[in-house]
Amino acid sequence: DGHYFYVDSDLNNFYETVYILSDIYTTARDGTPKYNVMSIGQNNDGIHDFAPYERLNKIETSVTNFDNLAMESARFGTDWVYNFDKLRKVKILWDRESILEEYGLKPKDNIFEIYKLVETSEQKDKFSKLFYEIRHETYSTAWKQYHKQLGKDIAGQVFMSVTAGVLSAFVESAMTAASLGFGWLGAHGTAMLVYFAVYTLMTKFSIDAKLHESKAISRSGIFYSVSDVVKSPTSLNEKSFADRFLQDSMAAALLGHPGGYYTTVTGGEPGNMYEGNLLVSPPSFGRLGNTNLLDDAGGFLRLLSDNLLDMGKSDPDAFTALDFDDTNLNYLLLTSELPSYNRYDYYTYENTNADSSVYDAYSTNTLGFLETKIKRISNNQFDAIRPTIINGVPSYNFINSTLYQAVLPQSILYKPIVLSKSRNNQLTLAPGLLTITVQCKDYKNTKGIYAYGLLRLERHAEYKAKIPLKSKGFEYPIRTISIDIISEDENGDKNYLNRIQVDKSYYTFEDGNLYFTKSLEEIISEKYQGFEDTLEQTWLSDLIGASIYYEINIVFDRFVPDDTDETNSLALAQATFYTIMDYFNQYTYAQVSANMIAEIAYTETLTFWSTLISVPLLYFGSAIATGAVGSLGSQAGTMLVQMAISPIKEVFQEIIIDGFTETLAENIVDMLGGSEDLG
91 DGHYFYVDSD LNNFYETVYI LSDIYTTARD GTPKYNVMSI GQNNDGIHDF APYERLNKIE
151 TSVTNFDNLA MESARFGTDW VYNFDKLRKV KILWDRESIL EEYGLKPKDN IFEIYKLVET
211 SEQKDKFSKL FYEIRHETYS TAWKQYHKQL GKDIAGQVFM SVTAGVLSAF VESAMTAASL
271 GFGWLGAHGT AMLVYFAVYT LMTKFSIDAK LHESKAISRS GIFYSVSDVV KSPTSLNEKS
331 FADRFLQDSM AAALLGHPGG YYTTVTGGEP GNMYEGNLLV SPPSFGRLGN TNLLDDAGGF
391 LRLLSDNLLD MGKSDPDAFT ALDFDDTNLN YLLLTSELPS YNRYDYYTYE NTNADSSVYD
451 AYSTNTLGFL ETKIKRISNN QFDAIRPTII NGVPSYNFIN STLYQAVLPQ SILYKPIVLS
511 KSRNNQLTLA PGLLTITVQC KDYKNTKGIY AYGLLRLERH AEYKAKIPLK SKGFEYPIRT
571 ISIDIISEDE NGDKNYLNRI QVDKSYYTFE DGNLYFTKSL EEIISEKYQG FEDTLEQTWL
631 SDLIGASIYY EINIVFDRFV PDDTDETNSL ALAQATFYTI MDYFNQYTYA QVSANMIAEI
691 AYTETLTFWS TLISVPLLYF GSAIATGAVG SLGSQAGTML VQMAISPIKE VFQEIIIDGF
751 TETLAENIVD MLGGSEDLG
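If you're matching positions, the sequence shown starts at 91 in my numbering and goes up one per residue.
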């Protein structure tokens with residue numbers, strides 16, 4: 091039951107956005123029915139029908155006869171041998187079909203079930219339906235994998251601990267005996283070094299083996315053509331500097347995850363892939379006032395106790411430090427390209443030009459920045475970012491907008507935010523100010539952007555100057571454009587000589603460029619006659635001895651009232667996209683936090699049981715290595731005490747102390763450009 095409301099947001103005669111409404115409505119005072127929007131759909135296939143899936147006409151079933159394969163003899167090459175019978179043991183060849191494949195379905199149109207964002211979970215009313223569903227689903231999936239590797243991991247940890255312990259005990263005993271007992275202090279120190287070296291080396295071998303296994307599985311699932319070079323995707327950006335220290339680690343979880351949550355935007359094909367880190371949930375320092383340290387510590391202990399008693403079936407919601415707190419999304423922080431202008435030479439966006447600005451910290455992790463950069467880096471192969479959702483899993487993808495022109499909704503980027511008339515009247519909103527330093531033509535001692543590198547088509551269009559903007563578009567209402575003439579001495583002291591207002595008929599914005607129909611010198615000469623001729627005198631720069639350049643000041647509206655059909659359409663597009671952004675926010679927050687909590691719980695399980703098993707084995711092994719088997723009886727009490735204390739002590743040390751130490755060491759090495767092995 092319900093209704094579909096189709097909208098053509100970009101007025102191209104295709105209704106690309108579909109609002110799925112409830113079948114219950116209320117009536118406004120003027121008699122207009124008001125419906126709740128249950129889901130937002132994107133019509134992907136260019137046909138005015140709407141469904142999340144379509145059924146394939148034919149299901150082809152692949153059947154493999156292992157008996158026939160087993161009869162094939164082994165094949166040998168110069169440096170390889172292939173045994174067909176062993177194919178049955180290669181698990182990745184026989185993955186189970188997805189539920190879509192099982193029923194002969196394939197994705198058709200995107201549907202974001204936004205009602206799950208606002209309706210509370212029946213199981214836990216402090217969370218939304220979506221957050222609870224994704225967190226528990228992710229936590230369960232993580233533990234399914236952990237259960238598969240738990241026995242192997244415990245055995246590996248026990249082997250490394252016992253081997254390192256026995257060798258260190260042997261070295262200490264041998265050195266003490268050789269020195270007739272007088273060198274026990276040096277022997278003890280050497281034994282500690284031996285333990286550290288052996289354990290560290292074995293840990294590295296174990297990590298390397300797991301990395302190679304992971305890479306092999308990843309490559310086995312990707313098709314590369316013969317001409318492709320197998321290489322990592324081209325990365326467009328890094329996470330915010332502060333977030334790179336802890337990332338999504340156990341250490342970050344213990345602090346309540348102070349950084350932002352990110353999703354990865356991807357696009358391309360194997361051998362030519364691109365990826366970027368997109369902020370989808372704001373950093374938590376805006377929520378620190380809601381943090382209760384005692385409650386969070388209690389939640390941490392509850393998780394550990396529950397997980398110890400019921401391994402893998404503990405409740406991730408017990409860990410309250412990562413609770414979702416329904417913070418409103420900062421629309422500009424997640425979308426605006428404007429703060430990124432401060433990353434480029436000769437461009438200054440004055441509104442966020444401060445090192446302490448949160449907008450500056452995340453300026454390269456916004457939709458506007460990534461969309462602009464992918465257009466430049468891919469040489470226009472990709473020029474847009476599109477949100478999609480398949481089987482409830484949302485993702486952002488780089489696309490070529492030309493190929494999707496018919497089905498793309500109106501873009502909300504590079505445009506002002508639309509406010510209601512009443513809200514706009516209540517607020518005092520500062521306009522945007524973008525300042526660009528531009529070279530002075532025909533003057534030797536100058537600096538900035540060169541404005542006269544016009545292409546043939548641009549000259550044919552009778553443009554006389556061009557200032558490239560660092561964004562894909564610039565569709566903000568312009569208040570004024572002015573030119574400041576700046577004189578700067580050798581010490582960097584500036585002298586603002588004059589400011590000239592540019593007539594609206596002299597400029598236009600097109601394809602991410604600011605064009606002038608007159609040269610900057612001609613515009614200035616209209617007010618100061620002879621200015622252009624004076625600059626052409628070669629002796630002037632030597633006489634003045636100062637640098638002369640221009641600053642182009644673009645003053646524009648960042649917010650506009652909803653008072654036209656155009657702004658009304660943009661307001662609907664922005665509200666729709668904001669809701670989709672919140673879907674990514676809750677989904678990613680739930681997924682990432684669940685994985686962090688699962689890592690803490692698994693670390694507890696692995697550390698507790700491996701330590702419990704290692705303690706008696708280490709006692710026996712050390713006694714055998716040092717020839718002190720006869721003293722085992724007298725040490726039984728000590729061993730039992732250690733079996734009770736050591737596992738708990740090691741759990742807290744591994745999660746808290748080692749968690750912070752290893753995370754910081756690994757991430758700092760990566761930030762300094764060190765190799766994966768060094769980290």
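Built from N, CA and C at the ideal position, the CB exists for glycine as well.
#1: If you pair each beta-carbon of the stretch 488-497 with each one of the stretch 588-604, do three or more pairs fall below 8 Å?
#2: Counting along the chain, where does the beta strand (DSSP E) carrying residue 486 start and finish?
#3: Under DSSP, the alpha helix (DSSP H) around residue 467 begins and ends at which residues?
#4: Could you pull out every unbroken alpha helix (DSSP H) segment of at least 4 residues lying fully inside the stretch 518-572, listed in chain order?
#5: So the alpha helix (DSSP H) residue 615 belongs to, where does it begin and stop?
#6: Is the separation between the beta-carbon of residue 444 and that of residue 331 shorter than 9 Å?
#7: Start and end of the alpha helix (DSSP H) containing residue 495?
#8: When the Cβ atoms of the stretch 643-654 are set against those of the stretch 494-510, are three or more pairs found closer than 8 Å?
#9: Under a Cβ-count criterion, where at least 16 other Cβ atoms within 10 Å of its own Cβ denotes burial, should residue 225 be classed as buried or exposed?
#10: Can you round the beta-carbon distance between residue 425 and residue 462 to whole angstroms, since I take them to be within the 8 Å contact cut?
#11: How many Å lie between residue 287 and residue 257 at the Cα?
#12: With 16 as the cutoff for other CB atoms within 10 Å, does residue 370 come out buried or exposed?
#13: Within the continuous beta strand (DSSP E) that includes residue 128, where are the two ends?
#14: For the candidate residues 133, 125, 122 and 679, whose alpha-carbon lies nearest to that of residue 97?
#15: Looking only at DSSP bridge pairs, what is residue 218 linked to?
#16: List the DSSP bridge partners of residue 145.
#17: Please confirm if the stretch 657-668 is in contact with the stretch 547-556, defined as three or more CB-CB distances below 8 Å between the two stretches.
#18: Would you please state the rounded distance, in angstroms, between the beta carbons of residue 368 and residue 676? I believe it to be under 8 Å.
#19: So, with DSSP's three-state summary, where would you put residue 480?
#20: Count the CB pairs spanning the stretch 524-542 and the stretch 419-437 that are closer than 8 Å, and state whether there are at least three.
#21: Does the Cβ of residue 237 have 16 or more other Cβ atoms within 10 Å, making it buried, or fewer, making it exposed?
#22: Using C-beta distances below 6 Å, list every residue in its chain close to residue 849, excluding the 5 sequence neighbours before and after it, in chain order.
#23: Cβ atoms of residue 705 and residue 686: under 9 Å apart, would you say?
#24: Fully enclosed by the stretch 332-384, which beta strand (DSSP E) runs are 3 residues long or longer?
#25: Report yes or no: do the stretch 556-572 and the stretch 520-534 share at least 3 C-beta pairs separated by less than 8 Å?
#26: Can you round the beta-carbon distance between residue 640 and residue 574 to whole angstroms, since I take them to be within the 8 Å contact cut?
#27: Could you give the DSSP three-state label for residue 93: helix, strand or coil?
#28: Skipping 5 residues on each side, what residues in its chain have a beta carbon closer than 6 Å to that of residue 203?
#29: Out of 708, 744, 757 and 748, which one is the CA nearest neighbour of residue 260?
#30: By a C-beta neighbour count over all protein chains shown, 10 Å radius and 16 as the cutoff for buried, is residue 770 buried or exposed?
#31: With a threshold of 6 Å on Cβ separation, who are the neighbours of residue 239 within its own chain once the five nearest residues in sequence on each side are excluded?
#32: If I measure Cβ to Cβ from residue 741 and keep anything under 6 Å in the same chain, skipping five residues before and after, which residues do I get?
#33: With H, G and I counted as helix, E and B as strand and the rest as coil, what does DSSP make of residue 433?
#34: Exposed or buried, residue 222, counting other C-beta atoms within 10 Å across all chains shown (16 or more means buried)?
#35: Between 605, 689 and 481, which lies nearest to residue 402 when the distance is taken from Cα to Cα?
#36: When the Cα of residue 388 is compared with those of 405, 409 and 404, which residue comes out closest?
The answer reads as follows:
#1: The stretch 488-497 is not in contact with the stretch 588-604.
#2: Along the sequence shown, read from residue 1 onward, the residue named residue 486 stands at position 396. Element bounds for residue 486: 483-489.
#3: In the sequence shown, residue 467 corresponds to position 377, counting from 1. That run of the alpha helix (DSSP H) goes 457-467.
#4: The qualifying runs are 546-550.
#5: Taking the sequence shown and counting its residues from 1, the one referred to as residue 615 is at position 525. For residue 615, the enclosing alpha helix (DSSP H) has its first and last residue at 610-615.
#6: On the sequence shown, residue 444 is found 354 positions in, with the first residue counted as 1. On the sequence shown, residue 331 is found 241 positions in, with the first residue counted as 1. Not in contact: residue 444 and residue 331 (Cβ atoms no closer than 9 Å).
#7: Against the sequence shown, residue 495 aligns to sequence position 405. For residue 495, there is no enclosing alpha helix (DSSP H), as DSSP marks it with neither H nor E.
#8: The stretch 643-654 makes contact with the stretch 494-510; the number of CB pairs closer than 8 Å reaches 3 or more.
#9: Position 135 of the sequence shown, counted from the first residue, corresponds to residue 225. Burial is judged here by how many other beta carbons sit within 10 angstroms of a residue's own beta carbon; residue 225 has at least 16 and is buried.
#10: By 1-based counting over the sequence shown, the position of residue 425 is 335. By 1-based counting over the sequence shown, the position of residue 462 is 372. So it is not a contact: roughly 12 Å between Cβ atoms.
#11: Start at 1 with the first residue of the sequence shown, and residue 287 comes out as number 197. Start at 1 with the first residue of the sequence shown, and residue 257 comes out as number 167. For residue 287 and residue 257, the distance between alpha carbons rounds to 11 Å.
#12: Within the sequence shown, numbered from 1, the residue matching residue 370 stands at position 280. In this structure residue 370 is buried. Its beta-carbon is surrounded by 16 or more other beta-carbon atoms within 10 angstroms.
#13: Within the sequence shown, numbered from 1, the residue matching residue 128 stands at position 38. Segment 123-132, the beta strand (DSSP E) holding residue 128.
#14: What you label residue 97 is simply residue 7 of the sequence shown in a count that begins at 1. Here the closest residue by C-alpha is 133.
#15: Along the sequence shown, one-based indexing puts residue 218 at 128. Per DSSP, 210.
#16: Position 55 of the sequence shown holds residue 145. Paired residue(s): 195.
#17: No contact exists between the stretch 657-668 and the stretch 547-556.
#18: Translated into the one-based positions of the sequence shown, residue 368 becomes position 278. Translated into the one-based positions of the sequence shown, residue 676 becomes position 586. Rounded, the Cβ-Cβ distance is 15 Å, inconsistent with contact.
#19: Working through the sequence shown from its first residue, we reach residue 480 at position 390. Looking at residue 480 - three-state DSSP - the assignment turns out to be strand.
#20: Yes, the stretch 524-542 touches the stretch 419-437.
#21: For this step, residue 237 is matched to residue 147 along the sequence shown. By the neighbour-count criterion, in which a residue is buried when 16 or more other Cβ atoms sit within 10 angstroms of its Cβ, residue 237 is exposed.
#22: Missing from the structure shown is residue 849; the chain here goes from 91 to 769 and no further.
#23: Translated into positions along the sequence shown, residue 686 becomes position 596. Translated into positions along the sequence shown, residue 705 becomes position 615. Not closer than 9 Å, so no.
#24: If we require 3 residues or more, the beta strand (DSSP E) runs fully inside the stretch 332-384 come out as 351-359 and 362-371.
#25: Taking 8 Å as the limit for Cβ pairs, the verdict is that the stretch 520-534 does touch the stretch 556-572.
#26: Position 550 of the sequence shown holds residue 640. Position 484 of the sequence shown holds residue 574. With 8 Å as the limit, residue 640 and residue 574 qualify as a contact, their Cβ atoms being about 7 Å apart.
#27: Taking the first residue of the sequence shown as 1, we reach residue 93 at position 3. DSSP places residue 93 within a strand segment (E or B) once states are collapsed to three.
#28: Against the sequence shown, residue 203 aligns to sequence position 113. In chain order, 129 place their CB closer than 6 Å to the CB of residue 203, counting only its own chain and leaving out the 5 sequence neighbours on each side.
#29: On the sequence shown, position 170 is the one that residue 260 refers to. The shortest C-alpha separation from residue 260 is found at 708.
#30: No answer is possible for residue 770: it lies beyond the span of the chain, which begins at 91 and ends at 769.
#31: Position 149 of the sequence shown, counting from 1, holds the residue named residue 239. By the criterion of a C-beta distance shorter than 6 Å, residue 239 is surrounded by no residue of its chain, once the five residues flanking it on both sides are discounted.
#32: Residue numbering aside, residue 741 sits at position 651 when the sequence shown is read from its first letter. Answer for residue 741: 694, 697 and 698, listed in chain order.
#33: Within the sequence shown, the letter at position 343 stands for residue 433. DSSP places residue 433 within a helical segment (H, G or I) once states are collapsed to three.
#34: To locate residue 222, count along the sequence shown from 1; it is residue 132. It counts as buried.
#35: Counting from one through the sequence shown, the residue named residue 402 turns up at place 312. Ranking 605, 689 and 481 by Cα distance to residue 402 puts 689 first.
#36: Sequence index remark: in the sequence shown, residue 388 carries index 298 (1-based). Nearest in C-alpha terms to residue 388, of all of 405, 409 and 404, is 409.
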